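See structure below.
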Amino acid sequence: ASATLTGGAVVRGGSGLKLLRTKLFLITVVFSSRQGPNLIINQPDELLDSMSEWCKEHHGKSGLTKAVKESKISLQQAEYEFLSFVRQQTPPGLCPLAGNSVHADKKFLDKYMPQFMRHLHYRIIDVSTVKELCRRWYPEEYEFAPKKAASHRALDDIRESIKELQFYRDSIFKRKTDEKKRKLIENGESDKAAS
1 ASATLTGGAV VRGGSGLKLL RTKLFLITVV FSSRQGPNLI INQPDELLDS
51 MSEWCKEHHG KSGLTKAVKE SKISLQQAEY EFLSFVRQQT PPGLCPLAGN
101 SVHADKKFLD KYMPQFMRHL HYRIIDVSTV KELCRRWYPE EYEFAPKKAA
151 SHRALDDIRE SIKELQFYRD SIFKRKTDEK KRKLIENGES DKAAS
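The following block contains the structure:
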């Protein structure tokens, strides 16, 4: 259980195709303090056959393609399960979508799981953005950032994203404000008075 993304859901999914033709086939939700459903969604053979070569190779090696074919879970069932889980964890409009390159996931979720997305906050926490800022502004610290295993499975990606964001929090986003200065600022006084 991590406190990194308290109240945030991290979702990964997609098949590597253009949004208009693509369907979700693997989706997982994890609150930083609790894991939710980890579902593989059934998709027709035509969709699997039309995947890019990269997707065919990687999803074939990982066993995901086979699992998608064998799954009995529909997209509607998956959305219901995720929405039910998220509603138990957080009130509407408070939970941000978070993860690496999550803006891409958001496009799929907006299209295929609109009720789920309506429950979430409109803002997202994109760990990839933090990574790029760290790489540019703090290159020494960036060298120590956790490396991805690149399994391309949702739950692994989420766990790696949480671990990565924890690293940035602990290494880059350090609290520098002393207690006296913080109290002055909280009370609306100028931070110059704290100096």
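UniProt numbering applies: residue 1 is where the sequence shown begins, and numbers increase by one. Glycine is no exception: its CB is placed at the ideal position from the N, C-alpha and C atoms. This one's a predicted model, so the numbers in the text were calculated from it and none came from an experiment.
* Asked: Going by DSSP, what residues sit across from residue 99 in a beta bridge?
  -> 126
* Through-space distance from residue 75 to residue 60, alpha-carbon basis -> 21 angstroms
* **For residue 84 and residue 163, the rounded distance between their alpha carbons** => 26 angstroms
* To do: Indicate whether residue 95 and residue 58 have their beta-carbon atoms separated by less than 9 angstroms.
  => no
* Asked: For the 8 angstroms Cβ check, are there 3 or more pairs between the stretch 92 to 112 and the stretch 136 to 143?
  -> no
* Asked: Which residues in the same chain as residue 128 place their Cβ atom closer than 6 angstroms to its Cβ, once the five residues preceding and following it in sequence are excluded?
  -> 100 and 101
* Should residue 105 go down as buried or exposed, given a rule of 16 or more other Cβ atoms within 10 Å for buried? -> buried
* Asked: Beta-carbon separation of residue 39 and residue 81 under 9 angstroms?
  -> yes
* Asked: Taking just the CA atoms, how far does residue 174 sit from residue 20?
  -> Residue confidence for residue 20 is low, a pLDDT of 43 falling below 50, so the modelled location carries little weight; the figure read from the coordinates is stated next. Spanning the two alpha carbons is a distance of roughly 42 angstroms.
* To do: Report buried or exposed for residue 115, applying the criterion of at least 16 other Cβ atoms within 10 angstroms of its Cβ.
  => exposed
* With 16 other CB atoms within 10 Å as the buried threshold, where does residue 52 fall? -> exposed
* Asked: By Cβ distance, which residues of its chain are closer than 8 angstroms to residue 79, with the 5 residues on each side in sequence left out?
  -> 112, 113, 115 and 116
* Looking at the structure shown, is residue 60 part of a helix, part of a strand, or coil, going by DSSP? -> helix
* Asked: What's the call for residue 97, buried or exposed, on a 16-neighbour Cβ count within 10 Å?
  -> buried
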